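What follows is one structure encoded as structure tokens, with my remarks underneath.
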Amino acid sequence: MAQRMFPDLKASLDDIPDVALPRDWGWNFMDCDAWIVCADAAQGAVVPLKPVAYYVRDLAQRYVPAAFASGLDHIFWRRQDHAFRLWRQADCVFASQISTCDDISGYAGVRRDRIVQAPQLRPGSTISAREDCQSIDLLWLAEPYAGHDPAVGLEAIRILRSEGVEAKITVCGEQAYGFAPDDGQVTLAATPPWARRAAKSISCETVSDERGLVRALSRAKLVWSSALADAEGEGLLRAAQAKTPFIGLRYPQAESLARELGVKAYFYDRSEAGLVADALKAALSETARTSEAAQPRRADAEDWSSIVERLWRAPGA
């Protein structure tokens with residue numbers, strides 16, 4: 001049908017039964033010279049009615065396929081194949097990470113001479129810690145859907161609580177209310193009962209804009225992102241902005257970005273509750289030790305032997 005509607009279409013749509021078009025069928029976008037499309041393999045083939053440059057945030061499905069599809073016969077893989085076919089016909093495909101450019105070539109099959117590396121996103125202006133508010137030991141950046149693996153995150157917190165970790169943990173996001181025991185029926189229903197109880201031990205901070213997120217970051221000592229696909233590294237960028245260490249899933253883009261930004265990172269190799277809990281515990285313990293060491297030593301906290309030694313020290317010694 002798309003071929004009949006747009007007979008001048010240069011791209012081949014052979015054997016692609018379903019395609020994506022702008023909501024107005026493209027009419028309002030025909031007076032421009034080119035399109036920049038934020039490419040999402042899950043959307044399938046986006047019909048290039050004009051010369052197109054595809055912007056690819058990441059191809060994390062290559063590393064964490066379970067976050068995108070439940071099995072090999074899932075519709076995601078068919079849509080991905082259709083998307084890749086149009087990417088290969090495009091004039092340009094670009095990404096901000098060199099490792100993502102490698103994936104566009106090696107995984108999606110786009111020719112190297114059509115791939116461009118764009119400048120890396122940078123952290124926003126740094127955030128000063130607020131002294132007038134109760135601090136957050138661990139700020140968990142998450143949303144209540146599969147891409148953030150909320151069930152594994154809550155199970156990791158349950159493990160921490162069972163091991164005596166009493167850190168103040170706050171989950172923060174546009175739909176953070178989905179983690180609240182009273183409001184998060186859908187999210188918590190998909191979580192095992194024993195992990196569901198962990199939701200009662202954390203705070204939920206729903207933010208609707210940048211200002212709200214910055215206020216939360218200004219109180220954080222650690223930033224954790226449970227996102228399974230975040231090659232642009234928003235969690236890492238937020239940690240750099242707040243000048244805190246970061247905890248998250250290990251994959252090539254995250255590691256290279258952490259090195260580039262100089263962010264101390266605690267990575268876990270797979271999104272498994274035990275591995276996540278270990279990384280969180282290590283980060284919390286080290287941050288607590290660092291904070292303790294940075295505090296000025298009070299005279300009344302000194303040991304008696306040092307006080308006696310000063311009292312009895314000979315004049316001029």
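Start counting the sequence shown at 1; every next residue gets the next number (our numbering).
Glycine residues also receive a C-beta, built at the ideal position from the N, C-alpha and C atoms.
In this text the structure is predicted, and so the values were computed from the model without any measurement.
DSSP three-state assignment for residue i, whether helix, strand or coil
{"i": "residue 32", "result": "coil"}
{"i": "residue 101", "result": "helix"}
{"i": "residue 61", "result": "helix"}
{"i": "residue 285", "result": "helix"}
{"i": "residue 178", "result": "helix"}
{"i": "residue 237", "result": "helix"}
{"i": "residue 159", "result": "helix"}
{"i": "residue 115", "result": "strand"}
{"i": "residue 229", "result": "coil"}
{"i": "residue 126", "result": "coil"}
{"i": "residue 138", "result": "strand"}
{"i": "residue 51", "result": "coil"}
{"i": "residue 267", "result": "strand"}
{"i": "residue 39", "result": "strand"}
{"i": "residue 260", "result": "helix"}
{"i": "residue 121", "result": "coil"}
Buried or exposed (CB count within 10 angstroms, at least 16 for buried), residue i
{"i": "residue 37", "result": "buried"}
{"i": "residue 205", "result": "buried"}
{"i": "residue 176", "result": "buried"}
{"i": "residue 72", "result": "exposed"}
{"i": "residue 51", "result": "exposed"}
{"i": "residue 145", "result": "exposed"}
{"i": "residue 181", "result": "exposed"}
{"i": "residue 150", "result": "buried"}
{"i": "residue 155", "result": "buried"}
{"i": "residue 164", "result": "exposed"}
{"i": "residue 265", "result": "buried"}
{"i": "residue 320", "result": "In the structure as shown, the chain begins at 1 and stops at 317. Residue 320 is therefore absent and cannot be evaluated."}
Contact check, residue i vs residue j, beta carbons under 8 Å
{"i": "residue 143", "j": "residue 173", "result": "yes"}
{"i": "residue 169", "j": "residue 194", "result": "no"}
{"i": "residue 94", "j": "residue 120", "result": "no"}
{"i": "residue 45", "j": "residue 86", "result": "yes"}
{"i": "residue 48", "j": "residue 90", "result": "yes"}
{"i": "residue 273", "j": "residue 148", "result": "no"}
{"i": "residue 207", "j": "residue 240", "result": "no"}
{"i": "residue 214", "j": "residue 136", "result": "no"}
{"i": "residue 153", "j": "residue 276", "result": "yes"}
{"i": "residue 160", "j": "residue 281", "result": "yes"}
Contact with chain C by residue i, beta-carbon distance below 8 Å
{"i": "residue 70", "result": "Among the chains in the structure shown there is no chain C, since it carries only a single protein chain."}
Beta-carbon separation (whole angstroms), residue i vs residue j, contact threshold 8 Å
{"i": "residue 219", "j": "residue 92", "result": "Wrong, their Cβ atoms sit about 42 Å apart, outside the cutoff."}
{"i": "residue 84", "j": "residue 109", "result": "6 Å"}
{"i": "residue 43", "j": "residue 20", "result": "5 Å"}
{"i": "residue 284", "j": "residue 167", "result": "5 Å"}
{"i": "residue 254", "j": "residue 217", "result": "Actually they are not in contact, since the Cβ atoms of residue 254 and residue 217 sit about 19 Å apart, beyond 8 Å."}
{"i": "residue 258", "j": "residue 236", "result": "6 Å"}
message: Whether or not the stretch 217-232 and the stretch 194-203 are in contact is what I'm after, with contact meaning three or more pairs of Cβ atoms, one per stretch, closer than 8 Å; do they touch?
response: The stretch 194-203 vs the stretch 217-232: no contact.
query: Counting pairs of Cβ atoms below 8 Å between the stretch 94-101 and the stretch 74-85, do you hit three or more?
result: Flag = no, the stretch 94-101 and the stretch 74-85 do not touch.
message: Measuring CB atoms only, is the stretch 49-64 touching the stretch 214-223, in the sense that at least three cross pairs come out at less than 8 Å?
response: At 8 Å Cβ cutoff, the stretches do not touch.
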